[in-house]
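Following: one structure in structure tokens, then a few remarks.
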Amino acid sequence: MVTFMDQVPAQAKPFRMGLLPDKGAKFGCGTCHVNPAGGGPRSPFGQDYEKVGLKAGDKYTQDLGAVDSDKDGATNDQEFSAGTHPGDPASKPAR
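The numbering of the sequence shown is our numbering, which starts it at 7 and goes up by one.
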């Protein structure tokens, strides 16, 4: 039997919240998904987590922290530190 694990898309997994800087405390599954309950389309941060975090062994990395996933002018690290949503451009740290 042949499996293609590298071709399986990421799925909503509650354990992944524990891998995030805020442990998913602020936005839960909505950190990575458009639907706050999880599943379905991913937010810009969720898309970047899939591209960067999963390829790095399913973890939040310095490279992922340095990205501005939602293009609001704040890196993902800055967003987590400020308690704002790294996947929502309307949610950004105060300047």
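For every residue, glycine included, the Cβ atom is placed at its ideal position computed from N, Cα and C.
Cross-strand partners of residue i (DSSP beta bridge)
i     : result
Arg48 : His39
Cβ-Cβ distance between residue i and residue j below 8 Å
i     : j     : result
Ser87 : Phe51 : no
Lys61 : Leu25 : no
Integer Cβ distance of residue i from residue j, believed to fall under 8 Å
i     : j     : result
Glu85 : Pro95 : Wrong, their Cβ atoms sit about 10 Å apart, outside the cutoff.
Gly59 : Leu70 : 5 Å
For this session: Run through the stretch 52 to 83 for me and flag every whole alpha helix (DSSP H) of 4 or more residues, listed as ranges in chain order.
Result: As for any alpha helix (DSSP H) of minimum length 4 sitting wholly inside the stretch 52 to 83, the runs are 68 to 72, ordered along the chain.
For this session: Decide yes or no for the touch test of the stretch 32 to 42 against the stretch 51 to 59: beta carbon pairs closer than 8 Å, at least 3 of them.
Result: With a cut-off of 8 Å on Cβ pairs, the stretch 32 to 42 is in contact with the stretch 51 to 59, counting three or more such pairs.
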